[in-house]
Amino acid sequence: MELFRQGLLSEAQLDAYREASPFDSRDPAVLLRDRGLPPPPPWAATPRARLQALFVAARDYLDTLAHPGAADVSACFSRCAAPGELPAARSHPVADRWLEPALTAARALQPHLAQAIANAAPHLAWGIYDPYPRSEIGDGFAEGHAFASIAGEDAPFLAEDLEIGLLLMAPHLVYRDHCHAAPELYAPLTGPHGWRFGPGRSLIVKAAGEPVWNPALQPHLTKVGQVPFLCLFVWTRDVKEPARVIPAGDWAALETAALPIPVQQDLRPADRSW
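Take 851 as the starting number for the sequence shown in the working numbering and just add one per residue.
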């Protein structure tokens, strides 16, 4: 049970151990093998093992989500190499302040994944996404977010031209309208939060667990609700092309407002949204 609580044992693996436990003659390793499940690593408390557990938990969770980019997202995980020398871990004030409250909320949706994140977080390199001029993206985002890569060119799991990671934002923050060449999945683990898909459009409030797929160059904005925003994100290609801010005239109003804000239905074309 301790390995399960730490996010180092899946529910399927735990079920195999439970089934074998009443019988001295039943070897859980055999049950795991017969069910195509890996045994838990003997080094389960090491940084490498905790990062591996997060990678697996993220992959397994994202594989359950239905959205137009599902096949591309799934393929990203198969392109990743096992860790060699791990990048140096790095903390960030936003993660220090807001990750635990976000995980408390996320445990209601995905307790196993939330615990895997908690275990691996101290071994990740937290930083900020900073290609934007601060005069365009605003102080709120610049000072109120942090992200950490799980897979990519400078991540624990090495891969070219993709990025898989965690994005954390403080409550009530507005990530202003922007776009990028990379097709992107947001898989929010907390909510509700507000979204819009073009300047001047109304916010669409989405609950935790609702995936948001942004095709290449689709404008999008996020208005964080009362709980911190925590998501898994995936950029499936074109990761070296920087994002750019799209000007809009209502950022000040959005930044001082709190959800719920009057919303509209998601009217984006079906082939460009979920």
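Every residue, glycine too, gets a C-beta built ideally from N, C-alpha and C.
Please tell me whether residue i and residue j are closer than 8 angstroms, where the distance is taken between their beta carbons.
i	j	result
Pro-1033	Ala-1066	yes
Ala-1037	Pro-1006	no
Ala-975	Ala-998	yes
Leu-1035	Phe-1083	yes
Ile-1014	Ala-921	no
Val-1089	His-1022	no
Ala-970	Leu-1018	no
Please state whether DSSP places residue i in a helix, a strand or coil.
i	result
Pro-933	coil
Ser-928	helix
His-942	coil
Val-923	helix
Phe-991	helix
Ala-870	helix
Thr-1072	strand
Ala-958	coil
His-1022	coil
Taking all protein chains shown into account, do 16 or more other C-beta atoms lie within 10 angstroms of the C-beta of residue i, making it buried, or fewer, making it exposed?
i	result
Trp-893	Legend: pLDDT at Trp-893 = 48, less than 50; position of this residue unreliable, value from coordinates given subsequently. The residue in question, Trp-893, is exposed, as its Cβ has fewer than 16 Cβ neighbours within 10 Å.
Gly-919	buried
Val-1055	buried
Asp-1004	exposed
Thr-1106	exposed
In the DSSP output, what is residue i paired with across the bridge?
i	result
Asn-1064	Glu-1034
Phe-905	Looking at the DSSP assignment, Phe-905 forms no beta bridge with any residue, so it has no partner.
Val-1095	His-1028
Val-1084	Ile-1014, Leu-1035
Trp-976	Ala-998
Which first and last residues belong to the alpha helix (DSSP H) in which residue i is found?
i	result
Ile-967	961-970
Arg-883	878-884
Glu-1003	Where Glu-1003 is concerned, there is no enclosing alpha helix (DSSP H), given that its DSSP letter is neither H nor E.
Taking the beta strand (DSSP E) that residue i falls in, what are its first and last residues?
i	result
Glu-1013	1013-1019
His-1043	1043-1046
Val-1055	1054-1056
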